[in-house]
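Data block below; observations after.
Protein chains: 2
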Amino acid sequence: MILNYIRGNVLLSYKERFKYFLKERNLKYTPERKEIIEAIVKLQKHFDAEDIYKQLRKQKSNVSLATIYRTIPLLIDSGLIIETLHCRDKVLYERIYNKKHHDHLVCINCGKIIEFYNGEVEKLQDEICRKYQFVATEHRLGIKGYCKECQDKLNIKNNNSKEKNKRDIKHDS
Amino acid sequence: MILNYIRGNVLLSYKERFKYFLKERNLKYTPERKEIIEAIVKLQKHFDAEDIYKQLRKQKSNVSLATIYRTIPLLIDSGLIIETLHCRDKVLYERIYNKKHHDHLVCINCGKIIEFYNGEVEKLQDEICRKYQFVATEHRLGIKGYCKECQDKLNIKNNNSKEKNKRDIKHDS
DNA sequence: ATATTATTGAGAATGATACTCAATTACATC
DNA sequence: GATGTAATTGAGTATCATTCTCAATAATAT
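Structure follows, in structure tokens:
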């Protein structure tokens, strides 16, 4: 999957990239799509359809929710955003164009999301794909648990540095 | 998170484990809950609420969908099942009690799910948690892409063994 | 300028999941 | 075993994100 697009020596902007993608597919670059792109780049890390809608209202744009939902698959196909996390039945997206890939730690108590990057994950992916003759387009590593603050609040012991006390029980399959 | 429960030298069955969990919480072990457990253990790898419902009908049980939805969180809290994948707006679950943890390769063309286990993922998790002072309860690594069959069908090149041709472009943040 | 085809907004439809409430039942205690 | 209490159930309704429908409009190629 090619995520970066260049003309001359310059990386295309979100808007230009989207325009180009639409042209490739014989789709139209409408004012609504332009305004959606303008909204997307202003949004915080993780957002859902409703957030795009709100940002558009802020910009005095009247694009309908229906159009937003119709545009999201185009944004995904053009490599500008991806679906990241499912948070309480909501699908969250984030911009990926010209961003380094990262994974997530999600606190199951307060909902905080910590982003991290670890090159080993990519290596692991390559290794696993080789083994299963799989061609990966994307991976997602999500670690759920408790963040530092919530550990303190809930009095949860952090035994990261201690040896784990594993029970010696055989597993199925 | 303790996933295995033992009495004497014997690992509790799904049913006993659930009974025990309910008791701990002062909840009742009803015929409906018993039948749901009986259904769960008969289901294939990945299932949704509807699959439980169908299995119950097969067993001549009339448990309502409402009760199934109400029971799922209990099954999760008791460590018998977890949410795994979100597949076309449906939440899929799988049994984890007395199972070795595994991760998934998901074919975005045919929907096939390949399970794999790789100990490095656990090590990575420990390392990342140490770094971010996070206490993990669960992780999930999902790799999306194309399975061997679909690669052939769609004529997608598998360059797993070749060096990747990365563009030298700087990324944001 | 015209023809073609994609796109839009509005509102209705869908579909998974959650809620409401009255009737029922499990279980601890006597 | 009878009793009281709180949990549980089914049925139907509500919710809410997302998708669909359709007639009106607009973007682009020619």
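Sequence order for the protein chains is A and B.
Residue 111 in the working numbering sits at position 131 of the first sequence; the count goes up by one each step and never skips.
Residue 136 in the working numbering sits at position 156 of the second sequence; the count goes up by one each step and never skips.
Beta carbons: idealized from backbone N, C-alpha and C, even for Gly.
None of these values were measured; they are calculated from a predicted model.
| query | Which residues, taken in chain order from the stretch 109 to 127 of chain A, show a beta carbon closer than 9 Å to some beta carbon of chain B? | reply | Listed by position, the residues of the stretch 109 to 127 of chain A near chain B (Cβ gap below 9 Å) are CYS109, ARG110, LYS111, TYR112, GLN113, PHE114, VAL115, ALA116, THR117, GLU118, HIS119, ARG120, LEU121, GLY122, ILE123, LYS124, GLY125, TYR126, CYS127.
Just checking: is the beta-carbon of ARG(-3)(A) within a distance shorter than 8 Å of some beta-carbon in chain B? Sequence index remark: in the first sequence, residue -3(A) carries index 17 (1-based). No - not a single Cβ of chain B is within 8 Å of the one on ARG(-3)(A).
Could you tell me the distance, in whole angstroms, from the CA atom of LYS22(B) to the CA atom of GLN35(B)? Locating residue 22(B) in the second sequence gives position 42, counting from the first residue. Locating residue 35(B) in the second sequence gives position 55, counting from the first residue. Spanning the alpha carbons of LYS22(B) and GLN35(B) requires a straight line of approximately 8 Å.
Three-state secondary structure (DSSP) at CYS87(B)? As a working mapping, residue 87(B) is identified with position 107 in the second sequence. In the structure shown, CYS87(B) sits in a strand (DSSP, three-state: E or B).
Notebook entry, point to check: Any residues in the stretch 63 to 92 of chain A with a beta carbon nearer than 7 Å to a beta carbon of chain B? Which ones, in chain order?
Noted result: From the stretch 63 to 92 of chain A, only HIS66, ASN78, LYS79, LYS80, LEU85, ILE88 have a Cβ closer than 7 Å to chain B.
Margin query: Can you give me the C-alpha to C-alpha distance between ASN6(B) and ALA46(A), rounded to a whole angstrom?
Written below: Within the second sequence, residue 6(B) is the residue found at index 26, counting from 1. Within the first sequence, residue 46(A) is the residue found at index 66, counting from 1. Rounded to the nearest angstrom, the two C-alpha atoms are 46 Å apart.
What residue from LYS111(B), ASN78(B), LEU65(B) has the CA that sits closest to LEU85(B)'s CA? In the second sequence, residue 85(B) corresponds to position 105, counting from 1. With distances taken between Cα atoms, LEU85(B) lies closest to LEU65(B).
Inset, instruction - Note down, one range per segment and in chain order, each beta strand (DSSP E) of at least 3 residues found wholly within the stretch 55 to 117 of chain B. - result: The qualifying runs are 61 to 67, 70 to 75, 83 to 87, 93 to 96.
For chain B, check one thing: does any of its Cβ atoms lie closer than 8 Å to the Cβ of GLU18(A)? Translated into positions along the first sequence, residue 18(A) becomes position 38. With a threshold of 8 Å between beta carbons, GLU18(A) makes no contact with chain B.
Notebook entry, point to check: What do you reckon, are the CB atoms on TYR161(A) and LEU2(A) nearer than 8 Å?
Noted result: This structure cannot speak to residue 161(A), because chain A is shown only from -19 to 153.
### Query
Where HIS82(B) and ARG37(A) are concerned, what is the direct C-alpha to C-alpha distance, given to the nearest angstrom?
Numbered from its first residue, the second sequence carries residue 82(B) at position 102. Numbered from its first residue, the first sequence carries residue 37(A) at position 57. Distance between the alpha carbons of HIS82(B) and ARG37(A): 44 Å.
* Asked: Measuring CA to CA, which of THR117(B), VAL115(B), GLY125(B) is closest to GLU118(A)?
  -> The sequence position of residue 118(A) within the first sequence is 138, counting from 1. The alpha carbon of GLU118(A) has as its nearest neighbour, out of THR117(B), VAL115(B), GLY125(B), the alpha carbon of GLY125(B).
Worksheet item: Given that a residue counts as buried once 16 or more other Cβ atoms are within 10 Å of its Cβ, and exposed if not, what is ARG105(B)?
Response: Translated into the one-based positions of the second sequence, residue 105(B) becomes position 125. For the record, residue 105(B) in the displayed sequence is Gln; it is not Arg. By the beta-carbon neighbour count (other beta carbons within 10 angstroms, threshold 16), GLN105(B) is buried.
For the stretch 96 to 108 of chain B, enumerate the residues whose C-beta is nearer than 9 Å to any C-beta of chain A, in chain order. In summary, the residues of the stretch 96 to 108 of chain B whose CB is separated from some CB of chain A by less than 9 Å are PHE96, ASN98, GLU100, VAL101, LYS103, LEU104, GLN105, ASP106, GLU107, ILE108, in the order they occur in the chain.
### Task
Determine the direct distance from the alpha carbon of ILE20(A) to that of SER58(B), and round the result to whole angstroms.
Indexing the second sequence from 1 puts residue 58(B) at position 78. Indexing the first sequence from 1 puts residue 20(A) at position 40. For SER58(B) and ILE20(A), the gap between their C-alpha atoms comes out near 40 Å.
Problem - Per-residue contacts from ASN138(A) into chain B (C-beta, under 7 Å) - result: Residue mapping note: residue 138(A) aligns to position 158 of the first sequence, counting from 1. The contacting residues are GLN113, VAL115.
For LYS(-5)(A), write down the residues that DSSP places opposite it in a beta bridge.
For the purposes of this step, residue -5(A) is taken as the residue at position 15 of the first sequence. BP columns for LYS(-5)(A) are empty, so no partner.
I want to verify the contact list: residues of chain A whose CB lies under 8 Å from the CB of ILE94(B), in sequence order. As a position in the second sequence, residue 94(B) is number 114, starting the count at 1. Result: TYR112, PHE114.
Output the distance between the C-alpha atoms of GLN113(A) and ILE123(B), rounded to the nearest integer angstrom. Counting from 1 along the first sequence, the entry for residue 113(A) is found at position 133. Counting from 1 along the second sequence, the entry for residue 123(B) is found at position 143. Going by the C-alpha atoms only, they are around 13 Å apart.
Chain-ordered neighbours of GLN131(A) on chain B, where CB pairs are closer than 7 Å: Position 151 of the first sequence, counting from 1, holds the residue named residue 131(A). Per Cβ cutoff of 7 Å: VAL115.
Q) Would DSSP call LEU121(A) helix, strand or coil? A) The residue you call residue 121(A) lines up with position 141 of the first sequence. It is a strand residue.
With DSSP collapsed to three states, give me the class of ILE52(B).
-> The residue you call residue 52(B) lines up with position 72 of the second sequence. Reduced to three states, the DSSP call for ILE52(B) is helix.
Please report the Cβ distance between ILE61(B) and TYR73(B), rounded to the nearest whole angstrom; I am assuming they are in contact, meaning their Cβ atoms lie under 8 Å.
The count along the second sequence starts at 1 and reaches residue 61(B) at position 81. The count along the second sequence starts at 1 and reaches residue 73(B) at position 93. Taking the Cβ atoms as the reference, ILE61(B) lies roughly 5 Å from TYR73(B), within the contact range of under 8 Å.
Next on the checklist: Let's test the definition: count the other Cβ atoms within 10 Å of the Cβ of ILE76(A) and tell me whether it reaches 16, buried, or not, exposed.
Outcome noted: Counted from its first residue, the first sequence places residue 76(A) at position 96. Within 10 angstroms of the beta-carbon of ILE76(A) lie 16 or more other beta-carbons, which makes it buried.
**Asked** Given GLU63(A), which residues of its chain have a CB within under 8 Å of its CB, disregarding the five upstream and five downstream residues?
**Response** The count along the first sequence starts at 1 and reaches residue 63(A) at position 83. For GLU63(A), where only same-chain residues beyond five positions count, the Cβ hits under 8 Å are ILE56, VAL71, LEU72, TYR73.
Item to check | Straight-line Cα distance separating GLN24(A) from GLN39(A) | outcome: Taking the first sequence and counting its residues from 1, one reaches residue 39(A) at position 59. Taking the first sequence and counting its residues from 1, one reaches residue 24(A) at position 44. Each residue's alpha carbon lies about 15 Å from the other.
Given LYS92(B) as reference, the closest of VAL115(B), GLY99(B), LYS128(B), LEU54(B) once Cα atoms are compared: Residue mapping note: residue 92(B) aligns to position 112 of the second sequence, counting from 1. With distances taken between Cα atoms, LYS92(B) lies closest to LYS128(B).
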